Amino acid sequence: MAIPERFSNLPDYAFPRLRALLRGIEPGLKDGESPVVLTIGEPKHAMPDYVGPVLQGALAEFGKYPPNEGAPELLAAIRDWLQRRYGVDVATDRITSLNGSREGLFNAALALCPEQKNGQRPAILIPNPFYQVYAVAAAAVEADQVFVPATADTGHLPDFAGLPDAVLDRTAIAYLCSPANPQGAIAGADYLRDLIALAEKHDFLIFADECYSEIYRDEPAPGALQVATDMGLADRVVVFNSLSKRSSLPGLRSGFVVASVENTRLIRQLRSYTGAPVPLPAQRVSERAWADEDYVTRNRDLYRQKYLIADRIFGNVPGYRPIEGGFFLWLPVEDGEEAAKKLWAQAGIQVLPGAYLSREVDGVNPGKGYIRVAMVADAEQTEAALQRLRDVIYEDGDGEG
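Counted the way our numbering counts, the sequence shown spans residues 353 to 753.
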């Protein structure tokens, strides 16, 4: 049976590609050293201490089918968090619980992307580099994938407004991640206002991936819903968030999407057939986590410590850009694949070549000259690993060794 071309043409996912790249290379370790994996954005900070007790108290609810859209108590907790964080009032009929934000980022495209836009095949705009589910969602709905460079020249955010009107007029969805994965850039309020106005002018939706929203250096990242609501254009945005990063609960698989009433109806309708509702005990933990800001504040402070460590170690490296938000370093190198092999062979450190998070467009892959480094371990482990990395890649402090 033939595999649909829209999926057969997808490149291998980043982590299998990395395993293939490093196959046959022995990790270079000194006495007492262990391999260090800095590839996956899986938080290693201790989870909130109430997770076990809340889960234990709700065990009996494993015997019930959970509501598809989320329990009323969970939706209310998310509503209250949106009000506290962004000052927006969102009715619970606009909120849907998700098995992590990735599920929603994919399925919302299935629910909301039209088969045609202005009589043409629709386009979906994707920052380049990007979180890979965006491209798979576009492929699933057979939309044209338009990869928009997000490089140092554009502040590591995509310049959607620079696209031709002919592309924008058939755009159905534009994905945006802020704070950005992998570059750590934050879309400011002015950027968001311009993008929302562009979406209104050309009649497309903004899928705002905000799962890193609570991890930032100085000021909190503005939310797309907050800005769109102030503009009277809240229906232009579909916003996704989760507890994976905010509450160090990646295994809970719990997030949400908020959209207009009609778009929420369509998302819930599709999900009733294809989605897997979050189990009720996990929803009870989620309800508590969305109400808890003390843990989030402490967690953010731990990441801020690591920002300062990275600044000290790499601050004199040309092209180094301090993280604004999130927990990934986007480090400039001559060639990401060669740097990844060198780090594994000489220091036993695994990083992800930036090209694996990007697509080549017109012969240029904007991630080729970078590596992504996940700062998810504690400060002591992070500092030791980053120092080893610097000693191998930036031997003279100003370039790849």
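The beta carbon of each residue, even a glycine, is placed where N, CA and C say it ideally should be. Please read these numbers as outputs of a predicted model, since none were measured by experiment.
For residue i, the three-state DSSP class (helix, strand or coil)
{"i": "residue 724", "result": "strand"}
{"i": "residue 564", "result": "coil"}
{"i": "residue 772", "result": "Outside the displayed range of the chain (353 to 753) lies residue 772, so it cannot be described from this structure."}
{"i": "residue 581", "result": "helix"}
{"i": "residue 515", "result": "coil"}
{"i": "residue 387", "result": "coil"}
{"i": "residue 615", "result": "helix"}
{"i": "residue 610", "result": "strand"}
{"i": "residue 484", "result": "coil"}
{"i": "residue 669", "result": "coil"}
{"i": "residue 630", "result": "coil"}
{"i": "residue 415", "result": "helix"}
{"i": "residue 658", "result": "helix"}
{"i": "residue 472", "result": "strand"}
{"i": "residue 556", "result": "coil"}
{"i": "residue 506", "result": "helix"}
{"i": "residue 495", "result": "coil"}
{"i": "residue 677", "result": "strand"}
{"i": "residue 398", "result": "coil"}
C-beta atoms of residue i and residue j nearer than 8 Å
{"i": "residue 672", "j": "residue 666", "result": "yes"}
{"i": "residue 642", "j": "residue 433", "result": "yes"}
{"i": "residue 655", "j": "residue 567", "result": "yes"}
{"i": "residue 561", "j": "residue 527", "result": "yes"}
{"i": "residue 465", "j": "residue 558", "result": "no"}
{"i": "residue 697", "j": "residue 380", "result": "yes"}
{"i": "residue 492", "j": "residue 618", "result": "no"}
{"i": "residue 502", "j": "residue 516", "result": "no"}
{"i": "residue 701", "j": "residue 569", "result": "no"}
{"i": "residue 709", "j": "residue 662", "result": "no"}
{"i": "residue 532", "j": "residue 490", "result": "no"}
{"i": "residue 438", "j": "residue 577", "result": "yes"}
{"i": "residue 588", "j": "residue 551", "result": "yes"}
{"i": "residue 484", "j": "residue 366", "result": "yes"}
{"i": "residue 711", "j": "residue 420", "result": "no"}
{"i": "residue 394", "j": "residue 602", "result": "yes"}
{"i": "residue 733", "j": "residue 418", "result": "no"}
{"i": "residue 638", "j": "residue 477", "result": "no"}
{"i": "residue 479", "j": "residue 510", "result": "yes"}
{"i": "residue 448", "j": "residue 623", "result": "yes"}
{"i": "residue 536", "j": "residue 678", "result": "yes"}
Inter-residue spacing [alpha-carbon to alpha-carbon] between residue i and residue j
{"i": "residue 632", "j": "residue 608", "result": "15 Å"}
{"i": "residue 657", "j": "residue 680", "result": "14 Å"}
{"i": "residue 475", "j": "residue 586", "result": "22 Å"}
{"i": "residue 741", "j": "residue 685", "result": "12 Å"}
{"i": "residue 716", "j": "residue 499", "result": "11 Å"}
{"i": "residue 389", "j": "residue 735", "result": "14 Å"}
{"i": "residue 508", "j": "residue 704", "result": "18 Å"}
{"i": "residue 584", "j": "residue 743", "result": "51 Å"}
{"i": "residue 469", "j": "residue 487", "result": "18 Å"}
{"i": "residue 495", "j": "residue 699", "result": "43 Å"}
{"i": "residue 579", "j": "residue 385", "result": "48 Å"}
{"i": "residue 543", "j": "residue 575", "result": "11 Å"}
{"i": "residue 670", "j": "residue 446", "result": "45 Å"}
{"i": "residue 728", "j": "residue 529", "result": "19 Å"}
{"i": "residue 625", "j": "residue 416", "result": "18 Å"}
{"i": "residue 372", "j": "residue 613", "result": "45 Å"}
{"i": "residue 627", "j": "residue 571", "result": "35 Å"}
{"i": "residue 408", "j": "residue 370", "result": "39 Å"}
{"i": "residue 596", "j": "residue 565", "result": "11 Å"}
Sequence-distant residues of its chain with Cβ nearer than 7 Å to residue i (five each side left out)
{"i": "residue 640", "result": "402, 406"}
{"i": "residue 581", "result": "440"}
{"i": "residue 720", "result": "687, 688, 706, 707"}
{"i": "residue 392", "result": "726"}
{"i": "residue 615", "result": "464, 590"}
{"i": "residue 512", "result": "477, 500, 526, 547, 550"}
Cβ neighbours of residue i in the same chain (closer than 8 Å, five flanking residues each side left out)
{"i": "residue 599", "result": "399, 400, 641, 644, 647, 648, 651"}
{"i": "residue 554", "result": "517, 520, 521, 523"}
{"i": "residue 730", "result": "396, 397, 654"}
{"i": "residue 436", "result": "645"}
{"i": "residue 414", "result": "631, 632, 633"}
{"i": "residue 377", "result": "693, 696, 697"}
{"i": "residue 411", "result": "633"}
{"i": "residue 458", "result": "485, 488, 489, 492"}
Cβ neighbours of residue i in the same chain (closer than 6 Å, five flanking residues each side left out)
{"i": "residue 374", "result": "696"}
{"i": "residue 453", "result": "563, 592, 594, 607"}
{"i": "residue 691", "result": "685, 723, 745"}
{"i": "residue 605", "result": "451, 452"}
{"i": "residue 456", "result": "450, 592, 609"}
{"i": "residue 429", "result": "639, 642, 643"}
Residue i at chain B interface by Cβ criterion, 8 Å
{"i": "residue 405", "result": "In the displayed structure, chain B is absent; only one protein chain is listed."}
**Request:** Quick one: which unbroken alpha helix (DSSP H) runs of 4-plus residues sit fully inside the stretch 681-719? Chain order, please.
**Result:** Listed in chain order, they are 688-699.
**Asked** What residue ranges within the stretch 404-457 form continuous beta strand (DSSP E) runs of no fewer than 3 residues, ordered along the chain?
**Response** As far as the stretch 404-457 is concerned, its whole beta strand (DSSP E) runs of at least 3 residues are 447-450.
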